[in-house]
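Here the structure is laid out as C-alpha cells; the discussion comes afterwards.
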Amino acid sequence: MGDPVARLASDVGALAGVHVELERPADAAHGDYATSVALRLAGEWRRQPREVAGEIADGVRGLDGVAGVEVAGPGFLNVTVADDWLAVGVAAILDAGSSFGGGSARAPERVQVEMVSANPTGPITVAAARNGAYGDSVARVLAFAGHTVEREYYYNDAGAQMERFRESVAAVRRGEEPPEDGYHGAYLAELAALDGDPVPHMLARIEASLERFRIHFDTWERQSEFEAEVGEALPLLDTYEADGATWARTTAYGDDKDRVLVRSNGEPTYFGADAAYIRRKLAGGFDRLVYVLGADHHGYVSRLQALAEMLGRPREAVEVLIYQLVHLTRGGEATKMSKRRGDVVFLDDFLDEIGVDAARWHLVSRGHDQAIEIDVDLAAEKANTNPVYYVQYAHARIAGILRHAEGADPGTVLRGDLADEERDLVKRLLELPEVAAVAAERRAPHGVPTYAIRVADDFHRFYHHHKVVGSEQQAFRLALCTATKVVIARCLDLIGVEAPERM
RNA sequence: GCGCCCGUAGCUCAGUGGACAGAGCGGCGGACUUCUAAUCCGCGGGUCGGAGGUUCGAAUCCUCCCGGGCGCACCA
699 MGDPVARLAS
709 DVGALAGVHV
719 ELERPADAAH
729 GDYATSVALR
739 LAGEWRRQPR
749 EVAGEIADGV
759 RGLDGVAGVE
769 VAGPGFLNVT
779 VADDWLAVGV
789 AAILDAGSSF
799 GGGSARAPER
809 VQVEMVSANP
819 TGPITVAAAR
829 NGAYGDSVAR
839 VLAFAGHTVE
849 REYYYNDAGA
859 QMERFRESVA
869 AVRRGEEPPE
879 DGYHGAYLAE
889 LAALDGDPVP
899 HMLARIEASL
909 ERFRIHFDTW
919 ERQSEFEAEV
929 GEALPLLDTY
939 EADGATWART
949 TAYGDDKDRV
959 LVRSNGEPTY
969 FGADAAYIRR
979 KLAGGFDRLV
989 YVLGADHHGY
999 VSRLQALAEM
1009 LGRPREAVEV
1019 LIYQLVHLTR
1029 GGEATKMSKR
1039 RGDVVFLDDF
1049 LDEIGVDAAR
1059 WHLVSRGHDQ
1069 AIEIDVDLAA
1079 EKANTNPVYY
1089 VQYAHARIAG
1099 ILRHAEGADP
1109 GTVLRGDLAD
1119 EERDLVKRLL
1129 ELPEVAAVAA
1139 ERRAPHGVPT
1149 YAIRVADDFH
1159 RFYHHHKVVG
1169 SEQQAFRLAL
1179 CTATKVVIAR
1189 CLDLIGVEAP
1199 ERM
C-alpha cells in the first residue's frame, strides 16, 4: 500500500472496530497524529470517552512504528510515530514516484468533462478562463484519482448570435461599421482580413489560446450537428405537444417548469439540442457527464439532470459543476463585460501581463463557490507576490541541491534522530494522498495549491535549518528532498502549473 | 416573489463537527563568508454578518433575520 497514513489509520480502525481518520493536530504537544474516535464511540458504548480511549490506546501502543500513545483532553487519542516509520514513509514516496498519492478512486469511471464551450464570437475572455482553469484542474485531479477523462468543447455554430457575428465580420469586409447589435472590437478586423466563414478562424484562435493556457481538448462538438438529431431523441423522452410546440415533461423529474424541445415553428431549441447531445454522450459509453458552468447557468442543472433520468440513467450521471463568476475591476471601478461591445479582458492579454503560471494559480486557488475579483490594473503588480512563485522556488531550490549533490545516492536508513523540521516535512508529504483524494471527490482542486504552500513552507524551513550535501544525514536528506520534489511537482501539475528546475 | 451561491484579520482567502480559528499580501523590526535571500525569524492584528436551536463539542449542521452576487424565455 502506497499510503502509510491510511495504513496506520486502518490499523487503528481495526482496534476500534470502526473507520478511523487521523488528523494532524495543530499543536505539536498533541503528537503526530490524532483521532477523536473514542469520543464518538463513547456514546454508542455507553462508557466514559477517556476509558474507551485508554482501551484503544493499549492496542495502538503495540502497532509497528508507533513510538507513543496518549489519551488527552476529553478523550483524544494522540499518536507519536517513530523516526523509522517516517523514513519508511519517504521510501514509500520514492517507490511510488510520480504516482504517489494517485489512484484514490474506488470505482474508476469513464468521465467526460465539458468545459469552456464559449460561443466562437470572439477570443477567450478571462471570465471563460476561470471555467477552463477550474474544469481542467478537475479533469486532472479526476484522472490522477484513476478515472478515464476526456475533455470536450461544445460550441454553437448556428443560430441568431452566430449570424450576428458573421454579419459583423461581413460588414467590416465591406468597409462598414458592424451593426449596432453586432460584435465590435479589434479582432473583427483581423478576421475580416481572412477568407471564408470567420467561425473556423475564430475557433482556431480559441484553441491556440487554450493550448497556451495548457488546456487540451480531446473533442470539439458543434451544436448544429445535434439539432439534426433531435428527432431521433424525442421518442426516448417524456414529451407532449402544447401550443404547437413539443415540450419535455421535466417537472416530473425535479425541474420547476417544463421545457420546450421543438418550437412551434419546427425549429429545435438549445435545450432540444442538449437532449440529443446528452443522449449521444451516454450512448457513447460515458459513466458520468461533467458540465462546468458559470453561476449564471445554475438554473440549467435540474433540467439537464431531468434529461438523464428520462434517458434511463440516474440524475447523477449528469453532474453540473457551478463556479461563481469573475468580476473585473479597473482601478476599483467595476467594468461590465460584454463581448458585443468589445469591452472585455481577453485571456491572451491577461497571460501577456502576468504569465500562464500566475494566471492558472490565481484562478484555481480559490474555492469555485467563491466569486473572484480581479483588478486589471493591479493584476500585473499582484502577480509578483503570487504564492505560485513561493512554491515553484522550493522546487527549483531542491533541483539546485540535487545538482550540487552530483548524483550522490539517496537512502532511507537513518543515522541519528530526525530534527523537528524533518519530521514536519515528512508528515506533510504524506498528506498528499488524502489531499488529492478529497480534491477529486469534492471536485475542489483549490485544496491542492493550499496544500502546496504548506509543503513549500515546511521545505523552506527545513532548508534554512539544515545542510543537505555533506551532512551526516546526507543520504536521507537527499531522499527527503527528492520526495519533496515529487510532491511539489505533482501538486503543480494537478493545477496546470510548471515546476521549474531553476529560477 | 421563488431558486442557487457567498458573508472568517486592514486586503485576498483557507478551514464541510473536535483541543487556544489559520495562510498569503500589506505594516513594523531582525537574519546572506552558506546546497538559489523569489528565503528564514519575530511583532502587531478577528463579536468567524446577527439571533435562536441540535450536540459532550459548532466557523462548520438546522431555523429565522440582515447584507452582497447570480438566475427564473418557444435567447444561446
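So the first sequence is numbered by the working numbering: it starts at 699 and just counts up by one. We put the CB at the ideal spot given by N, CA and C, even for glycine.
A direct Cα-Cα distance of roughly 20 Å separates leucine 908 from alanine 884. Valine 1062 is not a Cβ neighbour of proline 1198, given a cutoff of 8 Å.
CA-CA distance, phenylalanine 1160 to isoleucine 1099, rounds to 13 Å. Assignment of aspartate 1073 by DSSP, reduced to helix, strand and coil, places it in the strand class. Taken through DSSP and simplified to helix, strand or coil, isoleucine 1020 comes out as strand. The continuous stretches of alpha helix (DSSP H) do not include leucine 935, and DSSP gives it neither H nor E. For arginine 808, the enclosing beta strand (DSSP E) starts and ends at 808 to 812.
Contact between valine 811 and arginine 871 does not hold, since their C-beta atoms are separated by about 37 Å, which reaches or exceeds 8 Å. Taken atom to atom, the span from the alpha-carbon of glutamate 721 to that of glutamate 768 is near 15 Å. Using a Cβ-Cβ distance cut-off of 8 Å, the segment 735 to 744 and the segment 829 to 846 are not in contact, since fewer than three pairs of beta carbons, one from each stretch, lie closer than that value.
Proline 966 sits in a strand when the DSSP states are folded into three classes. By the Cβ rule, the segment 791 to 801 counts as touching the segment 1171 to 1189, because three or more pairs are nearer than 8 Å. Residue environment for asparagine 829: buried (at least 16 other C-beta atoms within 10 angstroms of its C-beta). Rounded to whole angstroms, the separation of the alpha carbons of proline 772 and alanine 831 is 44 Å. Bounds of the beta strand (DSSP E) holding valine 767 are 764 to 770. For tyrosine 1091, same chain residues with a beta-carbon under 7 Å away, outside a window of 5 residues either side, are Met1201 in chain order. The closest CA to that of valine 1086, considering only Thr823, Glu807, Ala1142 and Val1153, is found on Val1153. Per DSSP, tyrosine 951 is not a residue of any beta strand (DSSP E), being assigned neither H nor E. Relative to the Cα of alanine 1069, the nearest Cα in the group Arg862, Asp1050 and Gln1022 belongs to Gln1022. Taking 4 residues as the minimum length, the alpha helix (DSSP H) runs contained wholly in the segment 739 to 793 are 747 to 759, in order along the chain. Rounded to the nearest angstrom, the Cβ distance from alanine 971 to glutamine 921 is 5 Å, consistent with a contact under 8 Å. Three or more beta-carbon pairs drawn from the segment 979 to 994 and the segment 794 to 810 are found closer than 8 Å, and the two stretches are therefore classed as touching. DSSP, reduced to helix, strand and coil, places alanine 946 within a strand of the structure shown. If only complete runs of 3 or more residues are kept, the segment 1065 to 1143 shows the beta strand (DSSP E) at 1070 to 1073, in order along the chain. From the listed residues His845, Pro1131 and Ala1117, the smallest Cα separation to phenylalanine 1174 is found for Ala1117. With a minimum length of 3 residues, the unbroken runs of beta strand (DSSP E) contained wholly in the segment 841 to 882 fall at 846 to 853. If you draw a 10 Å sphere on the C-beta of tryptophan 743, you find fewer than 16 other C-beta atoms in it, and that means exposed.
With distances taken between CA atoms, arginine 961 lies nearest to Ala943 out of Ala950, Ala943 and Tyr951.
Membership of glutamate 1014 in any alpha helix (DSSP H) is not indicated, and neither H nor E is assigned to it by DSSP. Here phenylalanine 1044 carries a strand assignment [DSSP, helix/strand/coil]. Leucine 889 is classed as buried because its beta carbon has at least 16 other beta carbons within 10 Å across all chains shown. Taking the Cα positions, histidine 1164 is about 56 Å away from histidine 899. Secondary structure of valine 1167 (DSSP, three-state): coil. One thing to note: asparagine 776 has its Cβ within 8 Å of the Cβ of alanine 732.
By the Cβ criterion, the segment 1049 to 1063 is not in contact with the segment 1116 to 1131, since fewer than three pairs of Cβ atoms, one from each stretch, lie closer than 8 Å.
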